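Just so you know, we're using my numbering here: the sequence shown kicks off at 233 and counts up by one.
From the three backbone atoms N, C-alpha and C, an ideal C-beta is built for every residue, glycine too.
Just so you know, these numbers come straight off a predicted model, no measurement behind them.
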Amino acid sequence: MMPETAPDQIAAAINNKQSFLVEAGAGSGKTWSLIETLKYILNEEASTLEGKDRQITCITYTNIAKDEIINRIDNNPLVFVGTIHEFLWHVMKNYQTELKKAILDFNAANERNPVGDLETKIKDVTVTYSQYGRNFERGQITHNDVIEFSSKLFEAYPKIAKIVASKYPYIFVDEYQDTEKRTVDLLLDQLLRLNSGKVVIGFFGDSMQKIYEQGVGAINDERLQTITKQENFRCSLTVIQLLNNIRPTLQQVAAGHNVQGEALVFCGTNSNNSDYGKVFNYLTSDKGWQPTKTKVLMLTHKGIAGKLDYPNLLSTYDTIPFYRDRLLKSDEEFSIFFQKIEDLIFAYDTKKYGDFIQLLGKEGFRFSKHQHKREIKEQVEHLKQLRASAKIKDVFAYLFQNGLLTKPQSIEDFETDISRQPLPEEYQKKKEFYDSLMDVSYQEVVNIYQYIKEQTPFSTKHGVKGAEYENVLVVIEDGVWPMYNFNDVFSGNQRNLARYQRTLNLLYVCCSRAKNRLALLTLSSLDSQAMSTLRSWFEAENVHQVSTLQ
233 MMPETAPDQI
243 AAAINNKQSF
253 LVEAGAGSGK
263 TWSLIETLKY
273 ILNEEASTLE
283 GKDRQITCIT
293 YTNIAKDEII
303 NRIDNNPLVF
313 VGTIHEFLWH
323 VMKNYQTELK
333 KAILDFNAAN
343 ERNPVGDLET
353 KIKDVTVTYS
363 QYGRNFERGQ
373 ITHNDVIEFS
383 SKLFEAYPKI
393 AKIVASKYPY
403 IFVDEYQDTE
413 KRTVDLLLDQ
423 LLRLNSGKVV
433 IGFFGDSMQK
443 IYEQGVGAIN
453 DERLQTITKQ
463 ENFRCSLTVI
473 QLLNNIRPTL
483 QQVAAGHNVQ
493 GEALVFCGTN
503 SNNSDYGKVF
513 NYLTSDKGWQ
523 PTKTKVLMLT
533 HKGIAGKLDY
543 PNLLSTYDTI
553 PFYRDRLLKS
563 DEEFSIFFQK
573 IEDLIFAYDT
583 KKYGDFIQLL
593 GKEGFRFSKH
603 QHKREIKEQV
613 EHLKQLRASA
623 KIKDVFAYLF
633 QNGLLTKPQS
643 IEDFETDISR
653 QPLPEEYQKK
663 KEFYDSLMDV
673 SYQEVVNIYQ
683 YIKEQTPFST
693 KHGVKGAEYE
703 NVLVVIEDGV
713 WPMYNFNDVF
723 SGNQRNLARY
733 QRTLNLLYVC
743 CSRAKNRLAL
753 LTLSSLDSQA
763 MSTLRSWFEA
773 ENVHQVSTLQ
């Protein structure tokens with residue numbers, strides 16, 4: 233007889249050197265199960281692992297998940313925790329000769345734009361991993377290259393798979409559904425196939441929560457024992473019932489302190505821009521939703537930029553590859569400096585004068601005289617006015633002229649590059665970006681940093697996977713992104729099966745973020761079958777027309 237609970241089944245699989253897959257519905261405690269699995273092995277085999285210089289590998293999808301797992305196992309050195317790219321690079325970087333051959337083979341097969349004389353150029357360089365862009369001549373490979381070349385190396389050199397399995401006898405993959413098929417094939421068809429009984433590979437995730445295009449989604453492999461978790465510790469009873477309506481193949485049961493909750497639908501029209509405001513006001517006023525405990529999910533970041541008013545800043549950052557991502561992470565020259573400006577104002581407004589003085593560009597400045605205080609106060613107050621009314625170039629000019637902040641060397645270098653005469657073609661895009669950026673209202677910087685610091689209720693639907701919130705309002709508007717069509721999902725129209733499944737998964741992820749209350753606001757028209765489904769899933773009395781709200 234199979235052990236009854238998922239933890240027991242996982243422990244039995246580990247003891248039997250049986251690889252497995254944990255299919256864990258939303259709110260079922262997937263991360264908890266993964267952490268408990270790590271703790272179980274550490275408790276049973278820590279001395280053996282340490283004595284043989286071995287580690288458990290835990291592969292995560294995001295750095296946030298990575299940090300959470302590290303913290304919950306007290307940063308135990310016997311566990312290597314990293315993203316799939318970090319783990320594969322951790323293995324690959326030790327095989328420089330083989331890696332260079334893979335790069336040369338890849339370059340030779342590139343019919344469009346191969347790098348000339350690449351073998352000579354990389355002969356004496358060390359191949360490195362760069363998050364932002366490929367440069368073979370400098371030996372830099374990026375995200376997709378790590379996946380591509382690791383697959384090639386494991387396939388061409390079976391000995392690497394044996395070495396990895398010896399070093400990492402347990403390999404666990406978090407959010408398996410988001411892992412690329414090439415990586416899953418590498419783990420199963422190279423590592424597991426060549427090391428049966430010597431390595432245990434465990435996949436933790438939920439096929440229904442595949443919302444990124446590159447993910448494998450479901451894994452069906454007879455070498456893996458499937459362990460299903462049906463509990464839902466997160467959501468209210470009403471939301472659990474909705475999730476079961478959306479996903480009848482995995483019926484969840486309440487397993488924690490689940491409250492009754494509520495689930496509502498509001499049908500509006502995309503011709504009326506006030507619909508969102510009316511619904512949000514109704515929920516927070518008439519229904520008692522706390523604004524600070526409510527997350528609003530929108531399909532695109534462009535939609536959020538429109539609501540929070542930073543569309544020009546976002547479109548400017550979209551002109552250079554990776555710059556939007558780097559803006560949102562405060563990870564390129566200008567966004568790093570924006571962050572410093574906003575930190576300066578925050579320190580001033582919150583009277584954290586130690587932090588404020590540390591941020592000032594005035595060398596060795598001290599509030600030694602009353603005159604100094606008055607001078608700085610006047611300058612900062614004027615800066616605050618400029619932030620609300622002037623362009624980015626005007627704010628920069630004022631900061632540098634008054635020495636409130638020093639111009640970073642990275643921005644100096646950027647400006648030097650685009651000032652060359654004649655301007656080389658490779659710097660043309662940078663100059664266009666710079667000119668456009670300087671002309672954007674600085675208020676848009678203020679607005680986006682409120683979003684980045686989570687001081688607004690907004691997030692993209694893709695940006696909240698793995699998170700949970702007291703109340704969730706999901707804004708649905710077909711037409712803003714052709715990859716999704718919610719009307720087809722509600723009406724059961726599978727004419728475009730890939731888009732249907734993609735949209736259904738995204739709906740499931742969004743709805744399952746709600747711990748207590750959930751509401752859908754549809755801003756695009758729905759056909760009669762879609763409306764019938766909504767009345768069935770949510771119950772008719774919970775489906776409202778926005779036009780009837782006061």
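Identify which residue in the options has its Cα closest to the Cα of residue i.
{"i": "GLU610", "options": "ALA622, GLU236, ASN634", "result": "ASN634"}
{"i": "LEU750", "options": "GLN522, LYS685, LEU637", "result": "GLN522"}
{"i": "SER779", "options": "ALA746, MET763, PHE498, PHE632", "result": "PHE498"}
{"i": "GLN782", "options": "ASN513, ILE335, GLY283", "result": "ASN513"}
{"i": "PRO309", "options": "HIS604, LEU270, ILE316, HIS489", "result": "LEU270"}
{"i": "PHE665", "options": "SER651, TYR549, LEU739", "result": "TYR549"}
{"i": "SER439", "options": "LEU253, ASN464, GLU351", "result": "LEU253"}
{"i": "ALA393", "options": "THR415, LEU426, ASN774", "result": "LEU426"}
{"i": "GLY348", "options": "GLN328, THR329, HIS489, ARG370", "result": "ARG370"}
{"i": "LYS784", "options": "ASN464, ILE589, GLN617", "result": "Nothing in the structure corresponds to residue 784, since the chain is present only between 233 and 782."}
{"i": "GLN492", "options": "SER468, THR481, LYS249", "result": "SER468"}
{"i": "TRP713", "options": "TYR701, ALA340, ILE246, LEU738", "result": "LEU738"}
{"i": "MET715", "options": "ILE536, TYR444, LYS697, CYS742", "result": "TYR444"}
{"i": "VAL707", "options": "HIS489, LYS616, ILE536, ALA244", "result": "ILE536"}
{"i": "LYS623", "options": "GLU494, PRO346, SER668", "result": "SER668"}
Roughly how many angstroms separate the alpha carbons of residue i and residue j, rounded to a whole number?
{"i": "GLY509", "j": "PHE368", "result": "50 Å"}
{"i": "THR374", "j": "GLN363", "result": "6 Å"}
{"i": "GLY314", "j": "ASN303", "result": "13 Å"}
{"i": "ASN725", "j": "GLN484", "result": "25 Å"}
{"i": "ALA450", "j": "ASP417", "result": "13 Å"}
{"i": "ALA397", "j": "GLU686", "result": "41 Å"}
{"i": "LEU423", "j": "LEU385", "result": "12 Å"}
{"i": "ASN326", "j": "LEU320", "result": "11 Å"}
{"i": "ASP710", "j": "PHE718", "result": "6 Å"}
{"i": "THR754", "j": "TYR400", "result": "48 Å"}
{"i": "VAL612", "j": "LEU631", "result": "9 Å"}
{"i": "ASP581", "j": "ASN307", "result": "36 Å"}
{"i": "LEU506", "j": "GLY500", "result": "In the sequence on display, residue 506 carries Ser and not Leu. Going from the Cα of SER506 to the Cα of GLY500 covers about 9 Å."}
{"i": "GLN675", "j": "ARG619", "result": "6 Å"}
{"i": "TYR402", "j": "ASP299", "result": "20 Å"}
{"i": "LYS353", "j": "ASP671", "result": "41 Å"}
{"i": "ALA772", "j": "LEU766", "result": "8 Å"}
{"i": "MET763", "j": "THR470", "result": "19 Å"}
{"i": "ARG455", "j": "ILE246", "result": "14 Å"}
{"i": "PHE312", "j": "ARG556", "result": "30 Å"}
{"i": "MET234", "j": "GLU351", "result": "Summary for MET234: the model assigns pLDDT 49, below 50, so the residue's position carries little reliability, and this model does not support an answer."}
{"i": "LYS561", "j": "GLU276", "result": "39 Å"}
{"i": "ASP541", "j": "GLY429", "result": "57 Å"}
{"i": "PHE381", "j": "LEU331", "result": "7 Å"}
{"i": "ALA579", "j": "GLN682", "result": "15 Å"}
{"i": "LEU576", "j": "ALA388", "result": "54 Å"}
{"i": "ARG558", "j": "LYS697", "result": "20 Å"}
Contact check, residue i vs residue j under 8 Å by CB: the rounded distance?
{"i": "GLN409", "j": "GLN372", "result": "Actually they do not touch by this definition, with Cβ atoms about 30 Å apart."}
{"i": "SER279", "j": "VAL432", "result": "Their Cβ separation, rounded to whole angstroms, is 18 Å, which puts SER279 and VAL432 out of contact at 8 Å."}
{"i": "GLU565", "j": "ILE643", "result": "5 Å"}
{"i": "LYS663", "j": "ILE650", "result": "4 Å"}
{"i": "LEU496", "j": "ASN748", "result": "Rounded, the Cβ-Cβ distance is 12 Å, inconsistent with contact."}
{"i": "LYS639", "j": "GLY437", "result": "Between GLY437 and LYS639 the Cβ distance is about 46 Å, and since that is not below 8 Å, they are no contact."}
{"i": "GLY257", "j": "ASN464", "result": "7 Å"}
{"i": "GLY533", "j": "THR692", "result": "Reading off the sequence shown, one finds His at residue 533, where the question assumed Gly. Going by Cβ atoms, the distance from HIS533 to THR692 rounds to 5 Å, so yes, they are a contact pair."}
{"i": "ILE573", "j": "LEU637", "result": "7 Å"}
{"i": "VAL359", "j": "ILE335", "result": "7 Å"}
Look at residue i and residue j and say whether their C-beta atoms are less than 9 Å apart.
{"i": "THR460", "j": "GLU236", "result": "no"}
{"i": "ARG466", "j": "SER744", "result": "yes"}
{"i": "ILE568", "j": "LEU592", "result": "no"}
{"i": "VAL528", "j": "PRO390", "result": "no"}
{"i": "GLY434", "j": "THR411", "result": "no"}
{"i": "ASN703", "j": "LYS525", "result": "yes"}
{"i": "ASP377", "j": "TYR293", "result": "no"}
{"i": "SER768", "j": "GLN462", "result": "no"}
{"i": "ILE296", "j": "LEU274", "result": "no"}
{"i": "LEU752", "j": "SER723", "result": "no"}
{"i": "ILE291", "j": "ILE316", "result": "yes"}
{"i": "ASP720", "j": "TYR701", "result": "no"}
{"i": "LEU545", "j": "VAL677", "result": "yes"}
So that I know if they touch, is there some Cβ in chain C lying closer than 9 Å to that of residue i?
{"i": "ASN748", "result": "Judged by its chain identifiers, the structure shown contains no chain C, having just a single protein chain."}
Report task. Only counting runs of 3 or more residues, tell me where the beta strand (DSSP E) segments fall wholly within the segment 500-573, in order along the chain. Result -> Counting whole runs of 3 or more residues, the segment 500-573 contains the beta strand (DSSP E) stretches 526-530.
Requested in this report: Report the residue ranges of all beta strand (DSSP E) runs contained in full by the segment 242-321; include only those spanning at least 3 residues, in chain order.
Outcome: As for any beta strand (DSSP E) of minimum length 3 sitting wholly inside the segment 242-321, the runs are 252-256, 288-292, 311-315, ordered along the chain.
Query raised in the report: Going along the chain, which unbroken runs of the beta strand (DSSP E) with 3 or more residues stay wholly within the segment 380-454?
Result: Fully enclosed beta strand (DSSP E) runs of 3 or longer: 402-406, 432-437.
Query - Sequence ranges, alpha helix (DSSP H) only - wholly within the segment 689-777, length at least 4 - result: List check, alpha helix (DSSP H) in window: 718-723, 729-743, 760-770.
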